[in-house]
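Asker: Pasting a structure here, questions to come.
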Amino acid sequence: MNPNNTNTVLTRPKYPPNRPNHRFSGEERKLLQTAMLNGCDATLKSKDQRTELAIKLNVDEERIRQWFSNNRSKSKELLSIPPSISTPPPITSAVLSPFVPNFGITSVPPAPPSLPKEVRLEPYRPNPTHLMVERIAKAQLQRCRLVAKRIISPLHVEYKVNSSVKGTVHVCSVKEKPHCECVDFESGRNCKHLIFIFMRVLGLGPNSPILYQRALLKSELLNMFAQGAACDPTYVVSSFVSK
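Position in the sequence shown (first residue = 1) + 548 = the numbering used here.
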């Protein structure tokens with residue numbers, strides 16, 4: 549090269565291969581190292597990743613490739629170090645010392661055993677029939693009196709009901725399958741004697757679905773017996789008549 553030739557322009561390589569990091573800042577090197585951890589390298593398969601890095605850092609892709617090529621030895625070291633934002637190992641009982649506070653970490657108690665579902669011995673009747681509605685209305689007007697009561701079990705109570713001037717007494721059993729000795733009960737619907745027991749003795753309302761059920765749950769029986777522990781004396785026959 550002729551030094552007297554003023555038209556000759558001396559240039560130097562834009563990115564010296566022996567100094568690939570001379571212009572990368574600390575933040576830029578962190579970005580490159582993160583890309584290295586994600587599998588980016590100097591091979592052809594990572595060219596798209598290197599192109600994205602070159603756009604972010606505003607440099608040529610060749611410079612990015614040269615950096616990965618010169619830092620291949622550091623790649624294995626970086627891959628052997630877990631990332632800083634990693635999931636911490638689970639805390640086990642061996643880690644916790646008896647002299648170190650547990651910070652509220654306790655074992656979860658086992659779930660309580662589920663109670664068995666109650667089964668009704670007869671199909672549930674969602675609505676009363678027209679005849680049953682009339683029978684409930686008439687039962688509220690007819691004259692019935694409680695003669696006697698006998699507790700057989702927590703889920704079975706027997707009542708004696710006087711429903712006529714002649715002194716006829718019918719035995720009604722309130723249990724899982726209510727029963728009465730009268731003829732009307734045999735028709736397939738609860739009779740007026742059972743309706744009297746449900747409403748006047750046990751305190752159910754005229755709209756209660758229990759009035760027209762042919763079978764009751766244990767929970768329904770317990771609730772009724774607890775509610776009707778004290779019967780209205782108006783509907784109890786006098787001791788003279790009961791004898």
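Using N, Cα and C, we set each Cβ at its ideal position, and we do this for glycine too. These figures come from a predicted structure and were not determined experimentally.
#1: Under the assumption that Glu-666 contacts Lys-766 (Cβ atoms under 8 Å), give the Cβ distance between them as a whole number of angstroms.
#2: Leaving out the 5 sequence neighbours to the left and right, which residues in its chain are closer than 6 Å to Val-776 when beta-carbon positions are compared?
#3: Can you tell me the Cα-Cα spacing of Ala-687 and Leu-679, whole angstroms?
#4: Nearest-angstrom Cα distance between Pro-561 and Leu-592?
#5: DSSP on Lys-697, reduced to helix/strand/coil?
#6: By the DSSP assignment, the beta strand (DSSP E) with Asn-681 in it spans what residues?
#7: Quick one: is Arg-577 buried, meaning 16 or more other Cβ sit within 10 Å of its Cβ, or exposed?
#8: Which one or two residues does DSSP pair with Tyr-501 in a beta bridge?
#9: So does the stretch 712-727 actually touch the stretch 751-765, counting three or more Cβ pairs closer than 8 Å?
Answerer: According to the data block:
#1: 6 Å
#2: Note on identity: in this sequence residue 776 is Gly, with Val being the wrong assignment. Same-chain partners within the cutoff: Val-749, Leu-750, Gly-751.
#3: One Cα belongs to Ala-687, the other to Leu-679, and the distance between them is close to 12 Å.
#4: Low confidence applies here, because Pro-561 scores a pLDDT of 44, under 50, leaving its location unreliable and the question unanswered by this model.
#5: strand
#6: Note that residue 681 corresponds to Val in the displayed sequence, not to Asn. From DSSP, Val-681 is part of no beta strand (DSSP E) but of the alpha helix (DSSP H) over 678-687.
#7: Per the 10 Å Cβ criterion, exposed.
#8: Outside the displayed range of the chain (549 to 791) lies residue 501, so it cannot be described from this structure.
#9: Inter-segment contact for the stretch 712-727 and the stretch 751-765 is present: three or more beta-carbon pairs are separated by less than 8 Å.
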